[in-house]
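In the UniProt record's numbering, the protein residues as written are 1 to 319.
Notes for the one structure printed next.
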Amino acid sequence: MERALDGSDVTPITLNNLRAAAGLPRLSTEQVLREDDVELLNLITECRRLGISDLAMTRVLRAFGQSTHRVVETMRDLFRSEVEERMLNAGIPHAQMLDAAAAKRLELQRIGFKVLFMLQRRLLEESVFDNIVSRIQEALCESGLETGPDVDLPTVAFADLCGFTELTHELGDMKAAEQAARFEAFTQQIVSHVGGRLVKVLGDGVMVLFPEPTAGLTACLTLVDSAEEAGLLPVRVGLVTGQVVPRDGDIFGQTVNLAARITSVANPAQVVVSESAMVAVATNNPEMFSFAALEPTVLKGLPGRFCLFSAEIASSYES
């Protein structure tokens with residue numbers, strides 16, 4: 001490693017810290033670097049030249065590493081179940097299976113790499129466009145050329161499966177994992193239809209971010225009402241409208257914390273919303289939803305009592 005670092009301002013400690021953030025093993029000073037290790041070092045040097053701090057690179061590499069680990073493990077699991085297990089179930093011995101599966105492995109890897117690059121390029125293009133539009137709006141407002149309507153606040157929802165622990169005990173880990181995977185896929189399908197984003201999966205639950213409250217509440221009510229038909233356990237949801245702090249693909253802040261706490265007081269097949277979400281939705285779509293006020297509620301870890309509301313599609317609005 002010392003030879004590779006000659007002439008570089010990257011120290012062995014810095015390099016190993018950045019590698020660890022990405023989930024890569026640490027290197028000893030005497031270790032000969034692989035070709036991709038040298039390539040990573042060169043990319044780190046290039047980012048530094050562009051003014052990117054080591055702290056920022058650490059955050060990005062951590063996000064890249066965690067996401068890539070999940071992608072790689074998913075690709076591996078697909079190959080095991082769809083190729084190797086099928087051959088073994090057909091009576092093919094392990095030695096012959098490994099030999100016969102090698103060609104398919106390379107072909108599927110090639111397809112996987114192509115799909116990943118295509119998705120990354122497409123999603124980055126959309127994200128860059130959104131950022132440019134946001135910056136232009138900021139510039140217009142600062143110059144007094146454009147005030148525009150009030151921007152809809154983002155809306156955060158936590159949703160989880162009720163009875164998941166009992167299901168795990170009754171049917172075992174495999175069936176429970178299948179239920180969780182089905183829930184994730186079903187949620188993704190619903191929220192993407194209204195422009196929402198599944199931010200993270202939390203075992204038997206998910207955290208979702210919506211661009212505005214009406215879309216968020218519509219999607220959450222659809223999720224709750226359609227769960228049984230989709231073969232899922234009952235779903236409960238907590239939903240809050242307010243500012244969030246985006247960081248490395250995740251979101252943080254009081255809005256996020258409040259949404260998580262509200263979920264814990266919701267009943268199965270119920271969507272409970274904060275006062276901020278209720279006011280925002282009722283202002284923009286007064287006839288679309290109905291809200292029933294709950295008793296002022298104490299939420300774990302948060303001071304005071306909160307005005308919460310159970311939300312439904314208004315009976316007059318249902319087709």
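Don't be surprised by glycine CBs; every beta carbon is placed ideally from N, CA and C.
Given the structure is predicted, the values throughout are model-derived calculations rather than measurements.
A distance below 6 Å between beta-carbons, with the five flanking residues on each side excluded, links G65 to the following residues of its chain, in chain order: A22 and G23. For the options R49, M57 and G51, the alpha carbon positioned closest to that of L15 is the one of M57. One thing to note: M288 has its Cβ within 9 Å of the Cβ of Y317.
Residue environment: P154 is assigned as buried (16 or more neighbouring CB atoms within 10 Å of its CB, all protein chains considered). Inter-residue distance for G304 and N267 is about 21 Å (C-alpha atoms, whole angstroms). Beta-bridge pairing by DSSP links A311 to V271 and F291.
Remark: C-beta atoms of V244 and V156 approach each other more closely than 9 Å. A distance of 9 Å or more separates the beta carbons of F158 and A280. Counting along the chain, M174 sits inside the alpha helix (DSSP H) bounded by residues D173 to H193.
The region 159 to 179 makes no contact with the region 129 to 137; the number of CB pairs closer than 8 Å stays below 3.
CA-CA distance, A102 to P12, rounds to 37 Å. With contact defined as three or more Cβ pairs closer than 8 Å, the region 309 to 316 and the region 246 to 265 are not in contact. The criterion of a C-beta distance shorter than 9 Å is not satisfied by L294 and L258. Distance from the CA of I44 to the CA of R76, rounded to the nearest whole angstrom, comes to 29 Å. Setting aside the 5 residues that flank it on each side, L61 is surrounded in the same chain by L18, A21 and A22, each with a C-beta closer than 7 Å to its C-beta; the list follows chain order. Within the region 42 to 110, complete alpha helix (DSSP H) segments of at least 4 residues are found at 54 to 79 and 85 to 89, given in chain order.
Inter-residue distance for V224 and A176 is about 19 Å (C-alpha atoms, whole angstroms). Contact check between the region 214 to 232 and the region 185 to 203: three or more CB pairs, one atom from each, fall below 8 Å, which counts as touching.
The DSSP-derived three-state label of P303 is coil. Cβ contact annotation for S226 (same chain, cutoff 8 Å, sequence separation greater than five): F186 and I190, in chain order. Within 10 angstroms of the beta-carbon of A100 lie fewer than 16 other beta-carbons, which makes it exposed.
Taking the Cα of R80 as reference, the smallest distance to any Cα among S67, M97 and R70 is reached at M97. When beta bridges are read from the DSSP output, P246 appears opposite I251. M207 has F158 and K200 as its beta-bridge partners, per DSSP. Rounded to whole angstroms, the separation of the alpha carbons of L209 and R34 is 40 Å. At least 9 Å separates the beta-carbon of L233 from that of F306. In the three-state reduction of the DSSP assignment, L18 falls in the helix class. In chain order, V245 place their CB closer than 6 Å to the CB of F252, counting only its own chain and leaving out the 5 sequence neighbours on each side. Nearest to G196 by C-alpha distance, out of G205, A215 and G144, is A215. In the three-state DSSP reduction, T11 falls in the coil class, being neither helix nor strand.
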